[in-house]
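Just so you know, we're using this note's numbering here: the sequence shown kicks off at 272 and counts up by one. Below is one structure, written out as structure tokens; the observations come after it.
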Amino acid sequence: MLKGFSFILPALLALPLSGALAQDKQPISNKTCDELIAFYDKLPFTDVLPLEAGPIAINGEERDITIGFSQTGFNHPWRIAMLEAMQAEACRHPNVSLLVLDGNVDVAKQNNDVRDLLARGVDGVVMSPVESAGLVPASRAVMDAKLPLVLLDRDVPSEKTLFIGQSNVTMAEQVAERMAKDLGGKGNVVVITGLQGSSPAVDRDKGMMNVLAKYPDMKVLVKGDGQWIREPAVKLMEDWLTAHPEINAVFSHAEESSWGAQLAIARADRCAEGIKHYTHDGSNAGFKSVSAGTFGADGNYTPFIGDVGLRAVLYTLMGKDIPDRKEYENAGFQLALPDSPAVVAENAEEWAGRGWGDFEPAPDPCKS
272 MLKGFSFILP ALLALPLSGA LAQDKQPISN KTCDELIAFY DKLPFTDVLP LEAGPIAING
332 EERDITIGFS QTGFNHPWRI AMLEAMQAEA CRHPNVSLLV LDGNVDVAKQ NNDVRDLLAR
392 GVDGVVMSPV ESAGLVPASR AVMDAKLPLV LLDRDVPSEK TLFIGQSNVT MAEQVAERMA
452 KDLGGKGNVV VITGLQGSSP AVDRDKGMMN VLAKYPDMKV LVKGDGQWIR EPAVKLMEDW
512 LTAHPEINAV FSHAEESSWG AQLAIARADR CAEGIKHYTH DGSNAGFKSV SAGTFGADGN
572 YTPFIGDVGL RAVLYTLMGK DIPDRKEYEN AGFQLALPDS PAVVAENAEE WAGRGWGDFE
632 PAPDPCKS
């Protein structure tokens, strides 16, 4: 986890976002509504389910509307960026407020948190689940209450109003293709996954394996759960460096995992081997690491979808149709957002500043 992004939060955070509080800093993001609204036009998907700024009317009434947001956890800046996009949308509508729950990356807590939201009388729920199967009870509770339920980034195999996300399979295929190209179609790969059981981790692994099936001389030596953060990746990589004398590439589901793997390589005095790194997340720091040659590719996966999730709930409450929603392999409907290209050396300059986050990349310990 990046320094400066640790939070000790109350279980439930009420985020009133009325125009009268435009100068108040919002919890977690620590940004004012004025700052968030100024940032709104830079969000990538404001043309998806668009809404004019101003009060939201339901059945002709501009009453107060409270939407619950259950986040996986705020232990990573990607998760905070998702909230900022949602706050930016809420700030545009003076009668819309958010109640935000920190799931602390705990399935049981997130299930209980969603029930707490329902008990507090929210009008709808946006959830980004810790993992897929474990959050079925929470999803069912919202649907049983006949409230809109929108899932972001991670899906749940049960009924919901809408699941919104980009394709993790396509993104991982792009990154894996670049890895195969750079390695000349042969080599030994170790894989640091995201949190096992979460739908992005499952899909990113699927995308990688789809590509590697075309390259019989590329071998996956081992896979391990990096949990999306740095510390577990350091330990995994330390163990693998001891067990495997020849590693050509590390395929990580998260930038934090890649930075952790690099640290382990330096500590093991194996920088001279030129082990390559291929990752995902799409932060500005990650794009800088691509430009510097530290990463061979970075899957371009934006967290700036929170605004779309909030608009989807508001559309449902307003009785508006959701264009382009489709039935898919899970129960309910899906709204697939456009995919972005993987960031590689050839397009890193073009994508500079178009990712998320304002932190700097971890220094490459093999170059310092």
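Just so it is clear, CB atoms sit at the ideal spot from N, CA and C, and this is done for glycine as well.
Please go through the same chain and pick out, in chain order, the residues whose beta-carbon is closer than 7 Å to the beta-carbon of VAL482, but skip the five residues on each side of it. GLU444, ALA447, GLU448, ALA451
Please identify the residue among GLY624, GLY553, LEU418, VAL371 whose C-alpha is closest to the C-alpha of SER399. VAL371
Which same chain residues end up closer than 7 Å to PRO326 when comparing Cβ atoms and leaving out the 5 residues on each side of it in sequence? GLU333, HIS364, PRO365, ASN366
From the DSSP output, in three-state form, read off LEU288 for me. For LEU288, the predicted model reports a pLDDT of 45, less than 50, meaning its position is unreliable; a value from the coordinates is still stated below. The answer is coil: DSSP assigns LEU288 none of H, G, I, E or B.
Can you find the residues in the same chain that come closer than 6 Å, C-beta to C-beta, to SER639, ignoring five residues on each side of it along the sequence? When the five nearest sequence neighbours on each side are left out, no beta carbon in the same chain lies closer than 6 Å to the beta carbon of SER639.
Residue range of the alpha helix (DSSP H) that includes ILE351: 348-362
Limits of the unbroken beta strand (DSSP E) element including ALA568: 568-570
Taking the DSSP output, what are the residues bridged to GLU332? Residue pairing by DSSP puts GLU332 in a beta bridge opposite ILE329.
Measuring alpha carbon to alpha carbon, tell me which of GLU631, ALA537, LEU406, PRO612 ends up nearest LEU423. LEU406
Tell me the DSSP secondary structure of PHE276 in three-state form. The predicted position of PHE276 is uncertain, since its pLDDT is 30 and thus under 50; no value can be drawn from it.
Are the CB atoms of TYR572 and MET442 within a distance shorter than 7 Å? Yes, Cβ-Cβ distance for MET442 and TYR572 is below 7 Å.
Cutoff 6 Å; reference ALA352; Cβ partners in own chain excluding five residues on either side: PRO574, TRP627
How big is the Cα-Cα spacing for VAL393 and ASP540? C-alpha separation (whole angstroms): 54 Å.
Where does TYR486 sit, in a helix, a strand or coil, going by DSSP? The answer is coil: DSSP assigns TYR486 none of H, G, I, E or B.
Counterpart residues of TRP627 in DSSP-defined beta bridges: SER554
Would the beta-carbon of LEU307 fall within 7 Å of that of GLN358? yes
Straight-line gap, PRO609 to GLN437 (C-alpha atoms, nearest Å): 6 Å
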